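To start, the structure itself, in structure tokens.
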Amino acid sequence: MVTIETIAEVAKSHPENRMAKHFDNEYYNSLADERKPALLLCCKSGAENPDSSMGLYAMSPGDYDEFKPYFDKVIRDYHG
Numbered sequence: 005m006v007t008i009e010t011i012a013e014v015a016k017s018h019p020e021n022r023m024a025k026h027f028d029n030e031y032y033n034s035l036a037d038e039r040k041p042a043l044l045l046c047c048k049s050g051a052e053n054p055d056s057s058m059g060l061y062a063m064s065p066g067d068y069d070e071f072k073p074y075f076d077k078v079i080r081d082y083h084g
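If you want this note's numbering, it's the position in the sequence shown, counting the first as 1, plus 4.
As structure tokens, then:
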């Protein structure tokens, strides 16, 4: 299971990993408790593959809207 601690470790060891680079604990903590696992699932690939330059993937089309503040930062950085 992905944890925010794992994401923080990836951010330190692989600063090019956009999932970890743009992960915001304040945003994460603002989510309802039942939505936090869904966001961490979107982060799973990047946490398990820290050398990924993206690392954030929607599990369903609705994730782009539900987690827009986070996805927007990552996507804009990727296409920047």
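We treat Cβ as the ideally placed atom computed from N, Cα and C, and that holds for glycine.
Quantities reported herein were computed from a predicted structural model and do not represent experimental measurements.
Which of the three DSSP states is assigned to Ser34 in this structure? Indexing the sequence shown from 1 puts residue 34 at position 30. In this structure, Ser34 counts as helix in the three-state DSSP scheme.
Hey, could you find the ends of the alpha helix (DSSP H) Val78 is sitting in? Looking up residue 78 in the sequence shown gives position 74. It spans 72–83 - the alpha helix (DSSP H) in which Val78 sits, taken as one unbroken run.
Through-space distance from Thr7 to Ser49, alpha-carbon basis: By one-based count along the sequence shown, residue 49 stands at place 45. By one-based count along the sequence shown, residue 7 stands at place 3. If I take the Cα positions, the gap works out to 12 Å.
Threshold first: 4 residues or longer. Then list the alpha helix (DSSP H) segments lying entirely within the segment 39–74, N to C. 40–52, 65–70
Quick check: what's the CA-CA separation for Ala12 versus Asp69? Residue mapping note: residue 12 aligns to position 8 of the sequence shown, counting from 1. Residue mapping note: residue 69 aligns to position 65 of the sequence shown, counting from 1. Approximately 24 Å between the Cα atoms of the pair.
Are at least three pairs of beta-carbons, each pair with one atom in the segment 61–68 and one in the segment 24–41, less than 8 Å apart? no
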